[in-house]
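Novice:
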Amino acid sequence: MQINNGIIVINHTVYFSPRMNMLYPAGDEEAAISLNTPVSRCLALLLEQAGEVVPRKTFYTEVWEKQGLYVTDNTFYQNISILRRALKTAGVRDDVIQTVPRQGIRFTGTALPLSTTLPQTQNATYQTNENRSVDERQPFFQPELKNSQRSRLKILTSAVSIIFIIAAMYLIAPLISEQQHDVFNSFHTISLESCTVHYYGAVKENEVSHILNARGIKCQNNHEIFLTVSDKSARTSIILCEKYSKTSQECQSWLFVGGNRE
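Each residue of the sequence shown is one higher than the last, beginning at -11 in my numbering.
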C-alpha cells in the first residue's frame, strides 16, 4: 500500500496521520497520541509493506540515513518498542508489530486508507451502529487541525523542548567544568630553576631543560611552563605563563615544527 499524507485506518480502530505524526483512537479526538518523527516513519514503512518482513537495514536507510542521521541497533529497537506501546495506547489490542529474528520487522494487522469502505464489524469501536461504515459517519479527524488545537500542540512542543535544553545544560555544565579543571591532570610537573614546568608527551624529565634552552625559553620569576612534545618530536608546543591561576592567566605560546618555530 502506498502511504501518502492521507489517513490510514489500522485494525479498523485507530487512525494514523503520517503528515501529523499522530495516532488517533477512533471516536476520541482528544486522546490523540503524538509520535516522534523516526517512530512515525517506521510505522509508515511497515504499513507500506504490510504483511511483509521489512529488513532492519531498510529501516536504517529510509528512516535515518536518508535524513543524514546515524542510528545504532539499540536506538532502532527502542523506537520499535515505543511504536508498540503507542499502538496499544491508541487502541490496537493485538500485537501487530512482529519481530522476525535475524530478518526484520513485520506488520501483521490491517491497514486501509480512510477513503476505503471497511468491512462491517459489529465489535469495532468506531461504529455507532451495526451497519455504518467509516465513509457513512462523520470522521473525527479533520484534514486540518483547528487553530486552538494547533496552538496547544505548538505550546506543548516548545515547552518540552525548553525543559529538555535546560535539563541538558544542567547535566552537562558540571562535566564541562570538571574537564576544564582536569585538563592538565595527565601532565608531569617538575621544578626547574625558578619556575614550574608541566610536561607531557614524548619527553623525559631529563630532556625538559635541554628542550627549553634549545628554543630560547628561560625559567625565571616563578613562571608556569606547559611543554608538550608529539611523537618523534615532530611538533613541540610551549606555553609560558607569567601569571597562572584558575581565574586569571597571562600566557604566551609557541609551536615548533621539526625544530622550527611557527
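Idealized CB from N, CA, C, for every residue including glycine.
1. With a CB to CB cut of under 8 Å and the five nearest residues on each side skipped, what residues in its chain are close to V80?
2. Taking 7 Å as the threshold (C-beta atoms), are I178 and E195 in contact?
3. Taking the alpha helix (DSSP H) that C26 belongs to, which residues open and close that run?
4. Of the residues G204, F244, Q237 and L34, which one's Cα is nearest the Cα of T216?
5. From which residue to which residue does the beta strand (DSSP E) around L180 run?
6. Whose C-beta lies closer than 6 Å to the C-beta of Q86 among residues of the same chain, with five residues either side of it excluded?
7. Using C-beta distances below 6 Å, list every residue in its chain close to Y187, excluding the 5 sequence neighbours before and after it, in chain order.
8. Give the DSSP bridge partners of E238, in chain order.
9. Around the C-beta of L57, are 16 or more other C-beta atoms found within 10 angstroms, so that it is buried, or is it exposed?
10. Which residues in the same chain have their Cβ closer than 8 Å to the Cβ of Y48, if we skip the five residues on either side of it in sequence?
11. What does the Cβ neighbour count give for P26, buried or exposed, with the cut at 16 atoms within 10 Å?
12. Can you name the start and end residues of the beta strand (DSSP E) that S5 belongs to?
13. In three-state DSSP terms, what is H211?
14. According to DSSP, simplified to helix, strand and coil, what is V185?
15. Please report how far the alpha carbon of Q208 lies from the alpha carbon of C229, in whole angstroms.
16. Quick check: L11 and A99, are their CB atoms within less than 7 Å of each other?
17. Are the Cβ atoms of I205 and V185 separated by less than 7 Å?
18. Taking DSSP as the reference, what is the three-state secondary structure of Y58?
19. Using a Cβ-Cβ cutoff of less than 6 Å, which residues in the same chain neighbour A19 once the five nearest sequence positions on both sides are dropped?
20. Along the chain, where does the beta strand (DSSP E) that runs through V196 open and close?
21. Is the CB-CB distance between S218 and I227 below 7 Å?
22. Contact defined as beta carbons within less than 8 Å: I believe I(-4) pairs with P101. What is the distance between those atoms, to the nearest angstrom?
23. What do you get for E238, buried or exposed, if any count of 16 or more other CB atoms within 10 angstroms of its CB means buried?
24. Pull the bridge partners of I85 from the DSSP assignment, please.
Specialist: Checking against the coordinates, here is how it stands:
1. I(-2), N(-1), T1, V2 and G97
2. no
3. Checking the displayed sequence, the identity of residue 26 turns out to be Pro instead of Cys. Run containing P26: T25 to E36, per the alpha helix (DSSP H) assignment.
4. F244
5. H176 to L180
6. R94 and T96
7. H176, V196 and L215
8. K231
9. exposed
10. V59 and F64
11. buried
12. V2 to S5
13. coil
14. strand
15. 11 Å
16. no
17. no
18. coil
19. P13
20. Here V196 belongs to no beta strand (DSSP E); instead the alpha helix (DSSP H) covers V196 to A202.
21. no
22. 6 Å
23. exposed
24. F95
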